[in-house]
Amino acid sequence: MLHDSPRTAPVRGDARASARRGLGPHERQQRRMFWPFTAPALVTYAVLFLAPVGYAIWTSLYKWDGMGQMEWRGLRNYQVLFQDPTFRTSLVNTLKLMFVGGAVTFAISFALTLVLREMKARLFARSVLFFPCLVNGMVFGIAAGFLFSPTGPVNQALHFLGVTTPPKWLSTDNLLPMVLGTLIWTATGYYTSIIMAAVDQIPKYLYEAAELDGANAFQRFRHITLPCAWDVISVCAVLWTVSSVKIFELILLFGGTSSAYPPVSSWNTALYVYTEAFPQAATPRLGTATAAAIVSLLTVTVVTVVLRRLMRRDPVEY
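Using the numbering used here, the letters of the sequence shown correspond one by one to residues 1186 to 1503.
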């Protein structure tokens, strides 16, 4: 009768236990390597994100100017925040940039994807579309002041075409649409490039089979491109949600000056946080500023979770 040696018995016992759990050698190796690889990232995430967020939540419960003693206010900062019409306007503008800008950006990106896939020079066209993403936002603000000024090239061209009363592009009422248009223009090429990178991985025989079945370009896009690139599109939707809340320099440069902030009607939550933390002629209100930042973070979190739930699909294998 054979007996397990003391050295081999624990090993065989572990193997039998893993077999009972349904784990193969590859799965066991993955489990052993999980913490050594993820622990540094988790520590960095906790130090650089979770700790500052926790400190911001704690600060939002106080009245503080950043230098003096902190005064406990509890949730009153949040109550004052939602009673402030300036913050409500900023929050509505943030949602407009997020949803309206996102809908237009992805609609154009899908249309460009539909066209670029059939183009022979699509790599060059993709590079041209991506170029605005490489330019700093400050350049667009300065260029807009030159192009859309009352005597700028745009109005001069309209006068040449017979338009006697061109729009006041940089007026208070048009600031937010101007910012939205610039944002869409700069972001469209970026998301088109990402989606096109996913489309390039789709096997060509799927499109060839669809063509043989008589599917037109839109039908091929709907039944092949969208399902196969859906995971990438959902990631792009999350990226847009996060980036649309952080828009700051475009609004400040389009409507602000060296001595004044932009009109309140064009503010978003990022600019509201900035003006509360760094007012021009008043005491900083860091408690209100951090409360507004926390509300902005919660808004992004809720929208992201809802998007991920709505856009969840079974993976398409090809």
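Even for Gly, the Cβ is constructed at its ideal location relative to N, Cα and C.
Looking only at C-alpha atoms, which of Gly1239, Val1423 and Arg1261 sits nearest to Phe1284? Val1423
Considering only their Cβ atoms, is the gap separating Val1427 from Val1491 smaller than 9 Å? No. Outside cutoff.
Inter-residue spacing [alpha-carbon to alpha-carbon] between Ile1418 and Val1289: About 14 Å.
Ordered list of alpha helix (DSSP H) runs contained in the stretch 1302-1387, each at least 4 residues: 1307-1315, 1322-1332, 1338-1345 and 1360-1384
Delimiting residues of the alpha helix (DSSP H) encompassing Ala1478: Leu1471 to Leu1495
Secondary structure of Arg1217, DSSP reduced to three states: helix
Taking 9 Å as the CB-CB limit, is Phe1284 close to chain D? Of the protein chains in the structure, only one exists, and it is not chain D.
Look up Lys1431 in the DSSP assignment and say whether it is helix, strand or coil. In this structure, DSSP gives Lys1431 a state outside helix and strand, which the three-state scheme calls coil.
From Ala1236 to Ala1476, what does the alpha carbon distance come to, in whole angstroms? The C-alpha of Ala1236 lies about 16 Å from the C-alpha of Ala1476.
Residue nearest to Leu1435 in terms of C-alpha spacing, selected from Ala1226, Pro1362, Tyr1240 and Thr1377: Pro1362
Report the option in Gly1251, Asn1453 and Gly1366 whose CA atom is closest to the CA atom of Arg1273. Asn1453
By the 10 Å Cβ neighbour count, where 16 or more other Cβ atoms means buried, how is Cys1318 classified, buried or exposed? exposed
Would you be able to state if there are at least three C-beta pairs under 8 Å between the stretch 1379-1399 and the stretch 1297-1305? Flag = yes, the stretch 1297-1305 and the stretch 1379-1399 touch.
Out of Ala1224, Gln1268, Leu1411 and Trp1243, state which residue places its alpha-carbon closest to the alpha-carbon of Arg1498. Leu1411
Helix, strand or coil for Met1446 per DSSP? The identity of residue 1446 in the sequence shown is Tyr, whereas the question assumes Met. Here Tyr1446 sits in coil by DSSP.
Could you check where the alpha helix (DSSP H) with Arg1261 kicks off and where it finishes? Counting along the chain, the alpha helix (DSSP H) containing Arg1261 begins and ends at Arg1261 to Gln1268.
Nearest neighbour of Ser1481, chosen from Pro1469, Gly1209 and Tyr1459 [CA to CA]: Among Pro1469, Gly1209 and Tyr1459, the Cα nearest to that of Ser1481 belongs to Tyr1459.
Kindly indicate which three-state DSSP category Arg1425 falls into: helix, strand or coil? At residue 1425 the sequence reads Trp, which differs from the Arg that was named. In this structure, Trp1425 counts as helix in the three-state DSSP scheme.
Span of the alpha helix (DSSP H) holding Gln1404? Ala1402 to Arg1405
Quick check: the stretch 1467-1474 against the stretch 1240-1250, are there 3 or more CB pairs under 8 Å? yes
Under 8 Å: do the stretch 1260-1271 and the stretch 1239-1247 share three or more Cβ pairs, one atom per stretch? yes
Is it the case that the Cβ atoms of Phe1464 and Leu1456 are separated by a distance below 9 Å? The displayed chain sequence assigns Pro, not Phe, to residue 1464. Going by C-beta atoms, Pro1464 is not nearer than 9 Å to Leu1456.
Tell me whether Trp1257 sits in a helix, a strand or coil according to DSSP, three-state version. It is a strand residue.
Comparing alpha-carbon positions, which option in Pro1221, Ala1478, Ser1451 and Phe1267 lies nearest Leu1360? Ser1451
Going by Cα to Cα distance, which pick from Ala1474, Pro1270, Ala1342 and Val1364 is closest to Ile1242? Here the closest residue by C-alpha is Ala1474.
Environment of Gly1239 [buried if 16+ CB atoms lie within 10 Å]: exposed
Where His1188 falls, given that 16 or more other Cβ within 10 Å makes a residue buried: Low local confidence applies: a pLDDT of 49 at His1188 is under 50, so the model's placement there is unreliable, with the coordinate-based value given in what follows. The residue in question, His1188, is exposed, as its Cβ has fewer than 16 Cβ neighbours within 10 Å.
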